[in-house]
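Protein chains in written order, with this note's numbering: chain W, 2 to 466; chain G, 2 to 466.
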């Protein structure tokens, strides 16, 4: 996690010069617009045609650049794999991205989320621009430039279409094709910088457990005057259960045993978090938050990167229209999730949640959604050095070796199935709005990313690693 | 509240004979279908054309039967008044109904709520059939039959179009036209029987205070991984506030001072409630409730008729679609209300709620909705006697002098402005589904209501009262 000595000499890399990369801009913009136009909302069970179209389009792009490309069917949405083989390669690197996206039904969208717009300054707006189609296509263009260097390296793209739903079929896919997918390392490009100018190279991710809490106490809306006092109110009871599960104002989770496996931070880690360049004000502004639980950077970074959370995403049931409608609803659903940290496991946490709910609210049904393991790994020293050089080359700044609060289920699955080092070269900024309305990406991050990734691959092909 | 001696002889009322009433059935059905076809959702600010159409239609119906009818504009939706004057009348009775309805956006509707269907057995299905267009039109047909009797009685219809939103402009209307609206008594037909065969003549209604609780902590959806732990979650905090306001499982309200003015029941009242014919099983079945807070009829009737409630009607904010979307929403709204009992006042309760929220959750905005005073009145002995005779005539059963858990804001307003006794002759059954999807009414209740109301008006015109 400490800065590494630079194992590379600064070569003359004309084929990665800014002017060369800038010449790719029209291609990048055309590709990204085409990719955004596939509404690949993996949560939407009816998105089959869009997913197939996206996979076919992606495989064609890979083939056109010279890769052997294949669309692998799974029990869910497909996986696209494209391999650039070099006859003298002694190593293989795998670049992981995902081409599925979050839903985009927020009323705040100012334009069609699936028709990319280009704004002054090279800002690309649309669902999936930054998460994760933009970084994926930037990586493919880096590989195009790399041909000039004739690097003895096999480069494999793995483009998933189920990341946003927790990669439920990805591990089975990896296991089935483990030999064909053998690789020396993985680079994941699906994470967010600390702030513009402050690259982050996470060494850890939080895990996640999604849950729906369901309560039914009737068969139809009842008049709250005629039944009120005797009828049970499923919305009210779910509110109570939620407030028993956690203290929403502080975030403190009250499920017995919930924190048992949380690996505590030591003072050195806390210092590293604070020294990472995390900026409380920029964080707040970038995510559009008007108030916070705390403004202390030490507490903020610990809460974001090393502590679990409980979150309410939505309460469905009852009357949602204007004004009031005085009914007692017959049923309600709370959509909640927990972010988990090392060494918590979603299965164990789910069991403890179930036990707690069974005790407090035995009529409430607990339906588990996605389960993602948390990830934490001391990065391979040589690869970390190469990444540092690459970020400096692409963006003129060293990456901070921090953690990320979000979850990528595929990472732990690749760790288990491919058994190799996994590093992160994210290209997104907090203000790009992961999962938010008006999501965007920009040419500055794309072009810097092309150069950084190119430089990283040069290092991987070199004798030093 | 005790049974009264019958002040009336059983006259020969051929013009109210069942066969005569049955001959009106096609007219009633045609009228009700026309009335239901106006989607008079008073909550819908854009319902102007429907409201005007309904008011015009209603005034025309009244005029066609011989009334002087007028549509009075108010600051909100209009009020329709129609008076049948008799040259020798020494008394005036006012019949109150409302022609506005609840929204009908529940997914459970099996047919268009604003196209009435007639089902076998004379069941009329559609929004407003039982609440309160059916009872209103039955009353008008009773008055048509009454012409044959040439009763020396002025009969005034007051048809409101804002009952479902708490009658916010009705009292000003009454005050402005107090002299023209002078009346000796009011009969309200907008309440629900204990069960089929068990008429209820309520002497009390609960009041109501509607409130929206609003919390904003951001400007747009944020990614729960990237911000979780530091961002405040407005849905979670509203759940917590709600659970501080009340214990949802028992219904116990925790706002300090909330119960100060609740008039306690004495044992005699409790006995009367239990002896009223209230049937716990029928209650549960009629309202489609699969479980209850209590099954003890004594506790049930006390809870429904004489105790205040807190109710959650809906929580708006966050993600409502299928599955989970892992966002921290920027804002949330809880739609809640309290039913109040004598001698609670909505203004006082609102102040105590505001103080409680200010202490527990100072960022939460409290927006008051409708305020309805509770109502409780020992009914005028002679009128109560007439009502008993009327119900026996129309339905073959004595009414139970109970209370009703629902609220009719107009009642207390009429009590204040018109200063006369107010009685209730409701025609709705619990299974008709007040405010529920697939609301219905039926010819049995309509025809019995025509006969009962006719008999009541005969009594009012007679020398005994």
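All C-beta atoms in this analysis are idealised placements derived from N, C-alpha and C, irrespective of residue type, glycine included. Every value quoted in this text rests on a predicted model; they were computed, and no experiment measured them.
| Query | Result |
| --- | --- |
| By the three-class DSSP mapping on this structure, what secondary structure does residue 85 of chain W have? | strand |
| Where residue 128 of chain G and residue 115 of chain G are concerned, what is the direct C-alpha to C-alpha distance, given to the nearest angstrom? | 6 Å |
| Hey, is the region 210–226 of chain G in contact with the region 218–234 of chain W, meaning 3+ C-beta pairs nearer than 8 Å? | no |
| What does a CB cutoff of less than 8 Å around residue 149 of chain G pick up in its chain, not counting 5 residues either side in sequence? | 16 |
| Since residue 263 of chain W and residue 342 of chain W are thought to touch, with beta carbons under 8 Å apart, how far apart are those beta carbons, to the nearest angstrom? | 6 Å |
| For residue 211 of chain G, which three-state DSSP category applies? | strand |
| Buried or exposed: residue 49 of chain G, going by 16 or more other Cβ atoms within 10 Å of its Cβ? | exposed |
| By DSSP, does residue 199 of chain G sit in helix, in strand, or in coil? | strand |
| Using 8 Å as the Cβ pair cut-off and three pairs as the minimum, do the region 81–90 of chain G and the region 141–157 of chain G touch? | yes |
| Could you name the residues of the same chain whose beta carbon sits closer than 6 Å to that of residue 296 of chain W, not counting the 5 residues immediately before and after it, in chain order? | 281 |
| If I measure Cβ to Cβ from residue 43 of chain W and keep anything under 7 Å in the same chain, skipping five residues before and after, which residues do I get? | 78, 101, 162, 163, 165 and 166 |
| Quick one: what's residue 311 of chain W bridged to in DSSP? | W:339 |
| Closer than 8 Å is the cut-off here; do at least three beta carbon pairs connect the region 295–313 of chain W with the region 393–408 of chain W? | yes |
| Between the beta-carbon of residue 104 of chain G and the beta-carbon of residue 326 of chain W, is there less than 8 Å? | yes |
| Is the region 448–465 of chain W touching the region 132–151 of chain W in the sense that three or more CB pairs, one from each, lie closer than 8 Å? | yes |
| Mind the definition here: the region 230–242 of chain G touches the region 407–416 of chain G only if three or more C-beta pairs lie below 8 Å; say whether that holds. | no |
| How would you list, in chain order, the residues of chain W whose beta-carbon sits under 9 Å from the beta-carbon of residue 130 of chain G? | Those within 9 Å of residue 130 of chain G in chain W number zero; the least Cβ separation is about 15 Å. |
| Just how far apart, CA to CA, sit residue 24 of chain G and residue 138 of chain G? | 15 Å |
| Here's a check: name, in chain order, each residue in its chain whose Cβ is nearer than 7 Å to the Cβ of residue 256 of chain G, leaving out the five neighbours to either side. | 246, 353, 354 and 357 |
| Are the CB atoms of residue 431 of chain W and residue 468 of chain W within a distance shorter than 8 Å? | Nothing can be reported for residue 468 of chain W: it is not among the residues displayed for chain W, which extend from 2 to 466. |
| Report all residues from its chain with a CB closer than 8 Å to the CB of residue 6 of chain W; omit the five preceding and five following residues, and keep chain order. | Low local confidence applies: a pLDDT of 36 at residue 6 of chain W is under 50, so the model's placement there is unreliable, with the coordinate-based value given in what follows. Excluding sequence neighbours, residue 6 of chain W sits near 386. |
| Please name the residue, chosen from G:186, G:94 and G:309, that lies closest to residue 265 of chain G on a Cα-to-Cα basis. | G:309 |
| Tell me whether residue 457 of chain G sits in a helix, a strand or coil according to DSSP, three-state version. | helix |
| Under 7 Å: does the beta carbon of residue 339 of chain G sit that close to some heavy atom of the ligand FAD? | With respect to the ligand FAD, the structure shown offers nothing to examine, as it has no ligands at all. |
| Answer yes or no: does any C-beta atom of chain G fall closer than 8 Å to that of residue 9 of chain W? | With a pLDDT of only 41 at residue 9 of chain W, under 50, the local geometry of the prediction cannot be trusted, and the value read off the model is given with reservation. No, because no Cβ of chain G sits closer than 8 Å to the Cβ of residue 9 of chain W. |
| Can you pull the chain W neighbours of residue 234 of chain G, defined as C-beta to C-beta under 7 Å? | 249, 312 and 313 |
| Any Cβ of chain G within less than 8 Å of the Cβ of residue 3 of chain W? | Below a pLDDT of 50, predicted positions are generally treated as unreliable, and residue 3 of chain W, at 33, falls in that range; no measurement from the model is reported. |
| Could you tell me whether the Cβ of residue 241 of chain G comes closer than 8 Å to any Cβ of chain W? | yes |
| Mind pulling the chain W residues with CB within less than 8 Å of residue 289 of chain G? | 219, 220, 221, 223 and 331 |
| Residue 351 of chain W by DSSP, collapsed to three states: which one? | helix |
| State the Cα-Cα distance for the pair residue 130 of chain W and residue 26 of chain W, rounded to the nearest angstrom. | 15 Å |
| Assuming residue 311 of chain W and residue 337 of chain W form a contact by the criterion Cβ under 8 Å, report the distance between their Cβ atoms to the nearest whole angstrom. | 7 Å |
| Can you tell which of W:444, W:185, W:451 and W:449 has its C-alpha closest to the C-alpha of residue 121 of chain W? | W:444 |
| Taking DSSP's pairing of strands, which residues face residue 58 of chain W in a bridge? | In the DSSP output, where bridge partners are listed per residue, residue 58 of chain W has none listed. |
| Distance, Cα to Cα, residue 22 of chain W vs residue 235 of chain W? | 57 Å |
| Can you give me the C-alpha to C-alpha distance between residue 331 of chain W and residue 216 of chain W, rounded to a whole angstrom? | 9 Å |
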